[in-house]
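Participant: Mapping of the sequence shown onto the UniProt record's numbering: residues 1 to 275, in sequence order.
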Amino acid sequence: MEIGDKQKFIDVQQVIRKKNPKLAKWIPKPFLRFLSRTIHQEEINRIMLDYHDKMGLDFVDAVIQDLGVHVVLEGQENLPNDKGVVFASNHPLGGLDGIAFMHAIGRHRRDVKFLVNDILMNIRNLEPLFVPINKHGGQAKGYIKAINEAYAADQALLVFPAGLVSREIKGEITDLEWKKSFISRSKKYQKNIVPVYIEGKNSKFFYKFAKLRQRLGVKINLEMLFLPKEMFAQKNQTVKIIIGKEIPYTTFSKEHNEQYWANEVRQQVYALGGK
1 MEIGDKQKFI
11 DVQQVIRKKN
21 PKLAKWIPKP
31 FLRFLSRTIH
41 QEEINRIMLD
51 YHDKMGLDFV
61 DAVIQDLGVH
71 VVLEGQENLP
81 NDKGVVFASN
91 HPLGGLDGIA
101 FMHAIGRHRR
111 DVKFLVNDIL
121 MNIRNLEPLF
131 VPINKHGGQA
141 KGYIKAINEA
151 YAADQALLVF
161 PAGLVSREIK
171 GEITDLEWKK
181 SFISRSKKYQ
191 KNIVPVYIEG
201 KNSKFFYKFA
211 KLRQRLGVKI
221 NLEMLFLPKE
231 MFAQKNQTVK
241 IIIGKEIPYT
251 TFSKEHNEQY
261 WANEVRQQVY
271 ALGGK
């Protein structure tokens with residue numbers, strides 16, 4: 001039986017309809033088919049079908065194995081194993097980095113939560129790990145409550161403070177500005193921050209497309225559509241993750257504002273990668 005004859009765990013049309021019903025009515029079917037191919041809908045559904053009985057970190061581990069990805073973790077001695085802490089990382093890949101991040105931390109502690117774009121909540125197998133953030137509008141009260149609870153809990157909270165995948169800037173692959181909210185909440189809920197550096201980059205096409213989109217004045221982050229393609233293109237690759245030394249939340253004093261401290265943590269992350 002072909003995937004098309006089976007249950008669709010991910011359906012582009014349904015995702016758009018759920019996110020923006022008005023827009024869904026106006027999108028022509030040929031474009032929907034193009035979107036389905038672009039995001040590798042069939043391959044994603046194949047993985048979700050093959051591992052439909054696995055949830056949370058068990059599903060993450062299965063995906064890593066399915067993709068043939070080797071995750072190398074350095075700095076394990078810096079990894080807190082038994083308390084609430086925030087792991088703040090750069091975001092070089094936009095897909096595989098998140099999976100590798102969960103896999104690496106999950107090998108040492110099973111109380112992992114991850115702040116993610118709410119569109120990823122459509123991946124039901126990962127729901128137990130995800131805390132949704134609305135990247136394209138205001139945060140609903142329910143989202144804010146869930147985010148605050150995630151910071152307040154004694155667990156391993158994973159965050160990409162940039163919010164968006166890294167771009168090519170002046171010839172280097174680097175994050176855009178880090179948002180200060182992870183500093184604000186780490187102070188409020190007295191959670192230390194562990195800097196994490198993830199090695200990796202996407203294809204030249206991805207960065208060229210992003211630059212073209214910007215030059216044309218298109219505000220919508222269209223290159224996001226190609227992130228699944230980028231992920232599947234990196235099958236059988238190695239992802240190196242480096243864990244830095246824990247930063248006490250008391251470090252973030254009123255001597256400087258929270259954006260300053262966000263930039264400082266960002267610099268520490270890139271220093272781990274020798275940048």
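From the three backbone atoms N, C-alpha and C, an ideal C-beta is built for every residue, glycine too.
As the structure is a computational prediction, the values presented were derived from the model and not from experiment.
#1: For the ligand SAM, I want to know if ALA152 counts as a neighbour, meaning its beta carbon is within less than 8 angstroms of at least one of the ligand's heavy atoms.
#2: Determine which residues share a DSSP beta bridge with LEU158 and list them.
#3: Could you spell out where the alpha helix (DSSP H) holding GLU74 opens and where it closes?
#4: Can you tell me whether residue 286 is helix, strand or coil according to DSSP?
#5: Can you tell me which of the three DSSP states ASN148 falls into?
#6: Is the distance from the Cβ of VAL69 to the Cβ of ILE193 below 9 angstroms?
#7: List the endpoints of the continuous alpha helix (DSSP H) containing THR38.
#8: How big is the Cα-Cα spacing for LEU23 and ILE16?
#9: Give me the DSSP bridge partner(s) of GLU168.
#10: What's the gap between the Cα of ASP50 and the Cα of PHE232?
#11: Tell me, please, which residues DSSP counts as bridged to THR238.
#12: Tell me the DSSP secondary structure of ILE99 in three-state form.
#13: Counting pairs of Cβ atoms below 8 angstroms between the stretch 214-233 and the stretch 93-106, do you hit three or more?
#14: From VAL116, LEU164, ALA156, pick the residue whose C-alpha is nearest to that of TYR143; which is it?
#15: Below 8 angstroms on the Cβ atoms is my contact criterion, and I expect LYS113 with ALA62 to pass it. Report the Cβ-Cβ distance as a whole number of Å.
#16: So TYR260 is in the alpha helix (DSSP H); what residue range does that whole segment cover?
#17: Assign ASP154 to one of two classes, buried (16 or more other C-beta atoms within 10 Å of its C-beta) or exposed (fewer than that).
#18: Hey, ILE10 and MET48 are a contact pair by Cβ (cut 8 angstroms); roughly how many whole angstroms apart?
#19: Between the alpha carbons of ARG213 and ARG37, how many angstroms are there, rounded?
#20: By the 10 Å Cβ neighbour count, where 16 or more other Cβ atoms means buried, how is PHE205 classified, buried or exposed?
#21: Which value, in whole angstroms, describes the spacing of the CA atoms of TYR197 and VAL60?
#22: Decide if PRO132 is buried, meaning its Cβ has at least 16 other Cβ atoms within 10 Å, or exposed.
#23: Note the first and the last residue of the continuous beta strand (DSSP E) segment covering PRO195.
#24: For GLN41, is the classification buried or exposed, using 16 other Cβ atoms within 10 angstroms of its Cβ as the cut-off for buried?
Facilitator: Well, looking at it:
#1: This structure lacks the ligand SAM; in fact it carries no ligand of any kind.
#2: Under DSSP, LEU158 takes part in a beta bridge, and its partners are PHE87, PHE114.
#3: Segment 70-74 is the beta strand (DSSP E) holding GLU74; no alpha helix (DSSP H) there.
#4: As shown, the chain starts at 1 and ends at 275. That puts residue 286 outside it, with no answer to give.
#5: In the structure shown, ASN148 sits in a helix (DSSP, three-state: H, G or I).
#6: With a cutoff of 9 angstroms on beta-carbon distance, VAL69 and ILE193 are scored as not near each other.
#7: That run of the alpha helix (DSSP H) goes 29-38.
#8: Distance between the alpha carbons of LEU23 and ILE16 is about 8 angstroms.
#9: GLU168 pairs with ILE173.
#10: The straight-line gap from Cα to Cα measures roughly 16 angstroms.
#11: According to DSSP, THR238 bridges with HIS70.
#12: Correct three-state label for ILE99: helix.
#13: Contact between the stretch 214-233 and the stretch 93-106 is established, with three or more Cβ pairs separated by less than 8 angstroms.
#14: Of the listed residues, the one whose Cα sits closest to TYR143 is VAL116.
#15: Incorrect: roughly 19 angstroms between the Cβ atoms, too far for contact.
#16: Its alpha helix (DSSP H) spans residues 258-272.
#17: When all chains shown are included, ASP154 counts as exposed.
#18: Right, the Cβ-Cβ distance comes to about 7 angstroms (below 8 angstroms), so this counts as a contact.
#19: In this structure, the CA atom of ARG213 is about 20 angstroms from the CA atom of ARG37.
#20: Classification for PHE205: exposed.
#21: Annotation: TYR197 to VAL60 spans about 19 angstroms, alpha carbon to alpha carbon.
#22: PRO132 comes out buried.
#23: Secondary structure note for PRO195: its beta strand (DSSP E) is the uninterrupted segment 192-198.
#24: GLN41 is classed as buried because its beta carbon has at least 16 other beta carbons within 10 Å across all chains shown.
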